[in-house]
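See below for the structure under consideration.
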Amino acid sequence: AAAAMVFGGVVPYVPQYRDIRRTQNADGFSTYVCLVLLVANILRILFCPYYHFAKPAFSRSHSVECQHSGFGRFGRRFESPLLWQSAIMILTMLLMLKLCTEVRVANELNARRRSFTDFDPHHFWQWSSFSDYVQC
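Numbering (UniProt numbering), first residue to last: 1 to 136.
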């Protein structure tokens, strides 16, 4: 059950990745999906920043304890498969971004190259280099 939880979110992106790679066309996939999922999964990981130092580190139910006062129900229990799921999803979204960027740049030979350092809000998250996405 834990493996299904960890890898279940990635499964729908496997056929999309293969299709984009085979057709060299990323028009049907929005990189904003990657943005939203990267932000969501990074926030999930940051939700409990001290999970390695919590007491006890791992309980019998493979949960991570977080000792934050003032959060009510939030921050008390964090299932470790959710951490793995977030890490796997972040890697998957980075792979999708890399592929989509490569395909888009190869297909747009005459288009102006966009960069993170352009700071152009009209072209946010539509950069020409994968390193710009990583830099962001």
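Note that beta-carbon positions come from the ideal geometry of N, C-alpha and C, so glycine has one too.
Open item on the list: For Thr101, tell me which candidate among Val6, Ser86 and Asn25 has the shortest Cα-Cα distance.
Closed with: Checking every option, the nearest Cα to that of Thr101 belongs to Asn25.
Task: Nearest-angstrom beta carbon gap, Leu43 and Met93 [assumed within contact, 8 Å] - done: The beta carbons of Met93 and Leu43 sit about 13 Å from each other, so the pair does not count as a contact at 8 Å.
- [ ] Answer yes or no: do Val103 and Ile20 have a C-beta to C-beta separation smaller than 8 Å?
- [x] Yes, Cβ-Cβ distance for Val103 and Ile20 is below 8 Å.
Open item on the list: Please report the distance separating the alpha-carbon of Leu91 from that of Val33.
Closed with: Straight-line Cα distance between these residues: approximately 14 Å.
Open item on the list: Rounded to whole angstroms, what is the Cα-Cα separation between Ala87 and Asn107?
Closed with: Rounded to the nearest whole angstrom, the C-alpha separation of Ala87 and Asn107 is 30 Å.
TODO: Taking only beta-carbon positions, decide if Phe47 is within less than 8 Å of chain B.
DONE: Among the chains of the structure shown, chain B does not appear; only one protein chain is present.
Open item on the list: Please report the straight-line C-alpha distance between Tyr17 and Phe7, rounded to a whole angstrom.
Closed with: Roughly 15 Å separates the two Cα atoms.
- [ ] Using alpha carbons as the reference points, say which of Val105, Asn41 and Glu79 lies closest to Ala2.
- [x] In terms of CA proximity to Ala2, Glu79 leads the group Val105, Asn41 and Glu79.
TODO: Just mark Met96 as buried or exposed, buried being the case when its beta carbon has 16 or more other beta carbons within 10 Å.
DONE: Buried: at least 16 other Cβ atoms inside 10 Å.
TODO: Decide if Gln85 is buried, meaning its Cβ has at least 16 other Cβ atoms within 10 Å, or exposed.
DONE: Classification for Gln85: buried.
Open item on the list: Please identify the residue among Phe47, Leu83, Ser30 and Asp27 whose C-alpha is closest to the C-alpha of Gly9.
Closed with: The candidate whose alpha carbon is nearest that of Gly9 is Leu83.
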